[in-house]
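In the numbering used here, the protein residues as written are 44 to 118.
We treat Cβ as the ideally placed atom computed from N, Cα and C, and that holds for glycine.
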Amino acid sequence: MAMKIPQNHFRDALKAGKPQIGCWVGFASPDVAEALAGCGFDWLLLDGEHAPNDPRTTLEQLRAVAPYAGTHAIV
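Structure (structure tokens):
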């Protein structure tokens with residue numbers, strides 16, 4: 044059985060010129076990322092330059108945001 048590629052609603056909205064509301068996450072905490080994902084933002088930017096993130100904390104935040112299909116994580 045062929046695997047179906049999921050539709051990227053975030054990209055589609057950007058292409059259509061629809062405003063997307065998001066938040067710049069400056070905490071290296073999966074708890075904060077999950078709480079913000081639950082707020083209904085369209086996107087969360089996980090800051091790897093100005094925040095105290097490393098590969099491990101970034102991965103933990105990505106895992107925390109993943110269940111929230113309406114929120115897209117940007118690193």
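Inter-residue spacing [alpha-carbon to alpha-carbon] between residue i and residue j
i	j	result
A107	P62	24 Å
M46	A112	18 Å
E77	P110	9 Å
A133	G91	Given that the chain is displayed from residue 44 to residue 118, the structure contains no residue 133 and the question cannot be resolved.
Q50	L79	23 Å
I154	D55	This structure gives no information on residue 154, because the portion of the chain shown stretches from 44 to 118.
P98	G60	32 Å
V75	M44	38 Å
L105	P73	8 Å
E103	C82	18 Å
T114	H52	10 Å
Proximity to residue i [Cα-Cα], best of the options
i	options	result
D85	G65, A56, D55, G91	G65
G69	H93, A116, E103	H93
L89	M44, D97, F53, W67	W67
Per DSSP, cross-strand counterpart(s) of residue i
i	result
L102	Paired residue(s): none; L102 is not in a bridge.
Item to complete: Taking only runs that begin and end inside the stretch 48-81, name each unbroken beta strand (DSSP E) of 3 or more residues, in chain order.
Response: Within the stretch 48-81, the complete beta strand (DSSP E) runs of at least 3 residues are 65-68.
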